[in-house]
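Numbering (my numbering), first residue to last: 707 to 870.
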């Protein structure tokens, strides 16, 4: 019976975790939805955000991909990230993670004394957590600057989406 209960709990957790996964790359569907959004700050400067659920690296990649899309859409060849903000824990993917705890204690009441030790094993069945990445980017034409924060827009598209 105990094995069946653990199996059902694990299966339920896996199904719950599967319900909250990163949506496909696309525009944000509402103020709290997953997807990209952007704000033009100047003619060649944007603030690009990608909100998702799960691995923060996927949100970061999708924010870079959106910056590349905007650069090429506006006729630019490259973009430089001038500001970067990430919100989300490195372990935001969720899933089943075992937890072990050990505790002990003692008490006395009148002439009675008692002590005990306990060991607990639990499962963290939290699903994936919200993550977001916001980039402030400046776009330009011609050769990509030799700066580690400057990206060739077409190469970013090819690497992150496979666009030719």
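Every residue, glycine too, gets a C-beta built ideally from N, C-alpha and C.
| task | Note down the Cα distance separating residue 753 from residue 834, rounded to an integer number of angstroms. | result | As a position in the chain shown, residue 753 is number 47, starting the count at 1. As a position in the chain shown, residue 834 is number 128, starting the count at 1. One C-alpha to the other measures close to 25 Å.
| request: Write down the C-beta distance between residue 740 and residue 759 rounded to the nearest angstrom, noting that I regard them as a contact closer than 8 Å. | output: Your numbering for residue 740 matches position 34 in the chain shown. Your numbering for residue 759 matches position 53 in the chain shown. The pair is a contact, with the Cβ atoms about 6 Å apart (cut-off 8 Å).
| said: Here's the rule I'm using: 16 or more other beta-carbon atoms within 10 Å means buried, otherwise exposed. How should residue 756 be labelled? | reply: Position 50 of the chain shown holds residue 756. Buried.
| field | CA-to-CA distance, residue 787 to residue 765, given in whole angstroms | value | Counting from 1 along the chain shown, the entry for residue 765 is found at position 59. Counting from 1 along the chain shown, the entry for residue 787 is found at position 81. Near 15 Å, if we compare the C-alpha coordinates of residue 787 and residue 765.
| said: Less than 8 Å between the beta carbons of residue 738 and residue 843, yes or no? | reply: The count along the chain shown starts at 1 and reaches residue 738 at position 32. The count along the chain shown starts at 1 and reaches residue 843 at position 137. Against a cut-off of 8 Å, the Cβ pair of residue 843 and residue 738 comes out as no contact.
| task | Would you decide whether residue 847 is buried or exposed? Buried here means 16 or more other CB atoms lie within 10 Å of its CB. | result | What you label residue 847 is simply residue 141 of the chain shown in a count that begins at 1. It counts as exposed.
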